[in-house]
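Participant: The following block contains the structure, expressed as structure tokens.
Protein chains in written order, with UniProt numbering: chain C, 1 to 153; chain R, 1 to 245.
Now the structure itself:
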């Protein structure tokens with residue numbers, strides 16, 4: 001067992017206000033998809049706002065930038081949730097609802113000591129690191145993965 | 001390496017053993033292969049091990065009958081299709097390298113929907129062409145729509161299997177790309193299949209009309225994203241009452 005967990009941050013710009021019909025295809029499936037994450041093997045934690053169900057109301061990086069942050073036991077468990085569940089169907093349609101124009105890097109992975117929850121400031125730093133240096137052990141992507149600190153694999 | 005691996009398949013019995021092993025959902029044992037191929041257990045074991053040594057099958061050990069504890073015997077040697085792709089191209093071609101560059105480009109350009117539109121067009125053209133071929137073939141023209149779909153998809157490497165209300169695709173023809181660019185490549189695959197089924201049904205109007213009047217409504221075959229981890233990420237529903245959308 002690794003003593004590190006995997007943290008993930010995504011940022012995106014919604015194309016329309018969240019309560020418009022254009023965004024309904026995304027918003028109406030959010031609860032189901034979040035429940036799927038909560039029940040998924042390897043799920044540890046995800047960011048939610050004060051309302052407590054999701055992070056759609058949070059705008060820590062600017063008025064237009066939505067965030068999505070979570071912690072998982074491994075890269076594989078996060079990958080399986082993202083790409084091998086109904087979540088994939090939402091991702092397939094991501095361009096209908098979101099843009100990443102001008103955001104530079106918009107998705108980053110990094111290791112955190114198990115039992116700790118990353119801060120939004122730390123997450124932002126990881127995203128900037130990825131944008132500046134490309135994938136490194138400190139900030140990486142699914143395509144170019146790095147093993148957890150101290151692990152042999 | 002891959003030339004030697006593929007060379008192992010020249011022997012007809014070994015080829016039959018390979019074809020059987022890779023068509024099963026679960027890893028197969030020697031006894032099962034022997035009876036399915038009508039050969040002795042020793043010969044089945046010989047071919048299975050040759051295929052494993054060549055890298056065409058992966059080996060695992062397990063008890064097939066659920067017996068445990070003393071008396072359950074040694075775990076059986078089980079075989080399944082190798083996780084490694086084998087490819088031979090003469091002269092050498094590197095189309096995967098090109099595909100990866102193009103996928104990364106589409107990803108960065110956020111041009112997913114343009115790729116999906118092209119895939120839908122290409123799929124429809126292929127579907128129309130396949131339907132025209134089938135209609136010109138007296139033996140097949142009368143067969144049902146689902147059988148036609150299975151045959152066309154088999155020809156494209158999906159290894160389709162018909163279930164009660166759906167067609168499951170056992171192989172992802174775009175595996176390496178789908179692994180690295182799932183939303184893009186699985187979305188492309190869905191659009192390709194939507195186009196293909198649309199093209200196939202467009203020239204099978206009579207067949208469609210018949211099904212519609214049975215109360216099945218609309219197109220009898222609807223692909224949707226339903227990833228399982230082992231199969232292709234798309235499943236084709238055969239009756240509209242089973243659509244989950």
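A virtual CB, placed ideally from N, CA and C, is assigned to each residue, including glycine.
Give the C-beta separation of residue 92 of chain C and residue 225 of chain R to the nearest angstrom, bearing in mind that I take them to be a contact with Cβ-Cβ under 8 Å.
Facilitator: 6 Å
Participant: Throw me the rounded Cβ distance for the residue 247 of chain R and residue 187 of chain R pair, which I believe falls under 8 Å.
Facilitator: The question about residue 247 of chain R has no answer here: the residues shown for chain R are numbered 1 through 245.
Participant: So residue 238 of chain R packs on residue 165 of chain R, CB below 8 Å; how close in whole Å?
Facilitator: Approximately 5 Å separates the beta-carbon atoms of residue 238 of chain R and residue 165 of chain R; this is inside 8 Å, confirming the contact.
Participant: Give a yes or no on whether the minimum CB-CB distance between residue 99 of chain C and chain R is below 8 Å.
Facilitator: Contacts with chain R at 8 Å (Cβ-Cβ) include residue 99 of chain C.
Participant: Let me make sure I understand the geometry here. Which of C:108, C:96 and C:99 has the alpha-carbon closest to that of residue 128 of chain C?
Facilitator: C:108
Participant: Against residue 182 of chain R, what residues of chain C qualify as contacts under a CB-to-CB distance less than 8 Å, listed in chain order?
Facilitator: 82, 83, 88 and 91
Participant: Measuring only the C-alpha atoms, how far is residue 189 of chain R from residue 234 of chain R?
Facilitator: 8 Å
Participant: For residue 217 of chain R, does the count of other Cβ atoms within 10 angstroms reach 16, so buried, or fall short, so exposed?
Facilitator: At residue 217 of chain R the pLDDT is 37, less than 50, meaning the model places this residue with poor confidence and gives no usable figure here.
Participant: Grab me the residues of residue 253 of chain R's own chain with a C-beta within less than 7 Å of its C-beta, minus the 5 sequence neighbours each way, in chain order.
Facilitator: As shown, chain R starts at 1 and ends at 245. That puts residue 253 of chain R outside it, with no answer to give.
Participant: Could you name the residues that DSSP lists as bridge partners for residue 154 of chain C?
Facilitator: Examination of residue 154 of chain C is not possible in this model, given that chain C is present from 1 through 153 alone.
Participant: Which residues in the same chain as residue 7 of chain C place their Cβ atom closer than 6 Å to its Cβ, once the five residues preceding and following it in sequence are excluded?
Facilitator: Cβ within range, chain order: 71, 110, 112 and 118.
Participant: So what's residue 39 of chain R in DSSP terms, helix, strand or just coil?
Facilitator: coil
Participant: Among R:155, R:221, R:180 and R:78, which residue has its Cα nearest to the Cα of residue 145 of chain C?
Facilitator: R:180
Participant: Return the chain-ordered ranges of every beta strand (DSSP E) run that is complete within the UniProt domain "DUF3291" (6–144) of chain C and spans a minimum of 3 residues.
Facilitator: 43–46, 66–72 and 107–113
Participant: Could you name the residues of chain C that residue 190 of chain R contacts, counting a contact when the two beta carbons are closer than 8 Å?
Facilitator: Under the 8 Å cutoff, chain C gives 92.
Participant: In the structure shown, what three-state DSSP assignment does residue 76 of chain R receive?
Facilitator: strand
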